[in-house]
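Mapping of the sequence shown onto the UniProt record's numbering: residues 1 to 493, in sequence order.
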Amino acid sequence: MAFQSPEEELAFLRGLMAVNRMADDILEDCLERGLDLDTGLDVFLTQCARMVHAKAGFVSLRGTRGPVLTRVLGELGVDVFEAAHWSGPRRLREGRMLFCQQLTLGRLNLGGLGLVVDGSFEDGGQRVMGLVEAIGEQLDSAVLSFLALTDGRGPLERLDELDVEGTPVNRGRIGRYEVVKPLGTGGMAQVLIARTRGPEGLGRLVALKRILPHLTAQPEMVQQFLDEARIGLRLSHPNLVHVYDFGEAQGAYYMAMELVNGIDLDRLLRANKGPLEPPVASAIVSQALLGLHAAHALKGEDGAPMELVHRDLSPHNVMVGFDGQVKVLDFGVAKVRAQRTVTLPGIVKGKPLYMSPEQALGQKLDARSDLFAMGLVLYQALTGRRAFEREDELDTMKAICQEKLTKPPEVPAPLWPVLSVALSKDPAARFPNAQAMADRLVSASPPARDTALAALAGRLFPERLRDSQRLETAVNHQREAPTRATPPTRAPR
């Protein structure tokens, strides 16, 4: 493999070392906590995608009869079960390339791995393919180690055992929570569906968020995670996700949160393939604003305002439940008065597409910055487009700071003044608070009922709705059944 400079070669070698360390950390973490293989694959896939700046990816494992465990990240644009048989780079539409690697152990084929990366790749994607091959080699070795250390028979037969339908099986514990299945992974933490178990038997389902194993040695990441948990415990509003508790078990920091059965607004907009009806957009954004107002008005133990600012609002952090209730998620980079975690000067937190001008410039923020972000979310919901999206992040941030919006034809006339005020470059010209913005929005466009939101989410995501209902039914059935003794879980190494 040819490198254009020593720096490129060094960056490649560092990537290989990072993959090696991460695979070892994830394997050890899953074994120590009695977690199943899909939990580890969820973390591995997401973190490797971040390394090569992949927008999507998959891991698909096969047993003796076919696929038994598949994890998909983002929008692949191809059939995952077909792609799981491919090798090498393949060009996709819209300037994307899929890099595929088979997972093999001698003559055994365990499945396939693929990562989707944007770009034209003058070298044909040779260097990216080299990293993907290294990722695949580490992954198939980690899968073999996992199967061997969990007393499997042959590797393929052990994989067959993972192909279980129906009632959730025991997948290990974190603190007093029994893991049911992984839900998703971000840059900092993994979210799992879990349930409490006490003397009375099984309890409610929760979303268990745990810091990634390879980040537990970084004090600043742990502190940010704990800050989010402390804030979440104080938040209480129907349009905010409730945090039940947080703690540490065997070096794993976690928080247990309300499990929202629904879909985030980002996926809802993509599945809808176009703008939302104004009453639907009004209902979603106004509910989110009410939750945001409760967070902005939060007071500390001393009775003084905490001056909380979310700083990372986007359609991805607005959940539309299958019951029609909307909730704001993820205060992971929220800023509060006297917060222990300090943001260094010049470091900008948040997603560039949804930043306020003052956030893009690295200036001091208050609650009105979040109102600008909600204005951008409303604009996208009404038009199907992001207001200031440009070729790259820097151009996007310049547009946010400098360019003036004109009324798009899709936005009804009564709603344009709401957007104009929310998207004012000067914070002083925006709404004074989220409640005022919600009131103006509801007045300009009466919102749809919760039943209409529920019907839309269920129509666009019928499989997810059915999965949610099946999971709840299975857990309720176990909760009602007589409590029986369960065999002890594997002891930590």
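Even for Gly, the Cβ is constructed at its ideal location relative to N, Cα and C.
Going by beta carbons, N433 and H296 fall inside the 8 Å limit. Inclusion of M255 and L215 in the CB contact set at 8 Å is not warranted, their separation being larger than that value. At a Cβ-Cβ threshold of 8 Å, R195 and V180 count as neighbours. In this structure, Q359 and R311 form a Cβ contact; the two beta carbons are roughly 7 Å apart against a cut-off of 8 Å. Your pair A252 and L460 does not check out as a contact, with CB atoms roughly 35 Å apart and the cut at 8 Å. In the three-state DSSP reduction, S145 falls in the helix class (H, G or I).
Counting of Cβ neighbours within 10 angstroms places L415 among the buried residues, the total reaching 16 or more.
Comparing alpha-carbon positions, the option among M319, F58, L139 lying closest to V80 turns out to be F58. When C-beta atoms of the segment 256-266 are compared with those of the segment 313-321, three or more pairs fall below 8 Å, so the two segments count as touching. Restricting attention to M397, T46, A367, K364, the CA atom closest to the CA of V191 is found in T46. A contact between stretches requires three or more CB pairs, one per stretch, nearer than 8 Å, and the segment 271-284 meets this requirement with the segment 443-451. Non-local C-beta neighbours of Q138 in its own chain, meaning closer than 7 Å and more than five positions away in sequence, comprise V19, N20, A23, ordered along the chain.
At a Cβ-Cβ threshold of 8 Å, L103 and D42 do not count as neighbours. For G111, the beta-bridge partners assigned by DSSP are L61, L103.
Distance between L259 and F225, taken at the CA atoms: about 18 Å. In the structure shown, the three-state DSSP call for F246 is strand. Cβ atoms of V132 and Q101 come within 8 Å of each other, at about 5 Å. Beta-bridge annotation (DSSP): G321 is paired with G262. The Cβ atoms of L76 and A49 do not sit closer than 8 Å to each other.
Around the beta carbon of T64, fewer than 16 other beta carbons sit within 10 angstroms, so the residue counts as exposed.
Taking 3 residues as the minimum length, the beta strand (DSSP E) runs contained wholly in the segment 13-79 are 56-62, 67-73, in order along the chain. Using a Cβ-Cβ distance cut-off of 8 Å, the segment 230-245 and the segment 421-429 are not in contact, since fewer than three pairs of beta carbons, one from each stretch, lie closer than that value. Under the three-state reduction of DSSP, V241 is assigned to coil, being neither helix nor strand. In this model, E410 and G274 are separated by some 11 Å (Cα to Cα). The C-beta separation of V328 from G300 comes to about 20 Å, leaving the pair out of contact by the 8 Å criterion. A Cβ-Cβ contact shorter than 8 Å links L37 with F146. When DSSP states are grouped into helix, strand and coil, P182 belongs to the strand group. Distance from the Cα of K209 is smallest, within the candidate group F331, R385, R470, P315, for F331. Within the same chain, K55, G95, R96 come within 7 Å of D118 by CB-CB distance, once the 5 residues on both sides are set aside. The alpha helix (DSSP H) runs lying completely inside the segment 359-410 and spanning 4 residues or more are 367-383, 393-402, given in chain order. Relative to the Cα of L268, the nearest Cα in the group A436, P315, V421, S60 belongs to P315.
As far as DSSP is concerned, K425 takes part in no beta bridge. The beta carbons of M437 and L371 sit about 6 Å from each other, so the pair counts as a contact at 8 Å.
At a Cβ-Cβ threshold of 8 Å, R71 and Q250 do not count as neighbours. The beta carbons of L27 and A207 sit no closer together than 8 Å. For L298, the secondary structure class from DSSP, reduced to helix, strand or coil, is coil.
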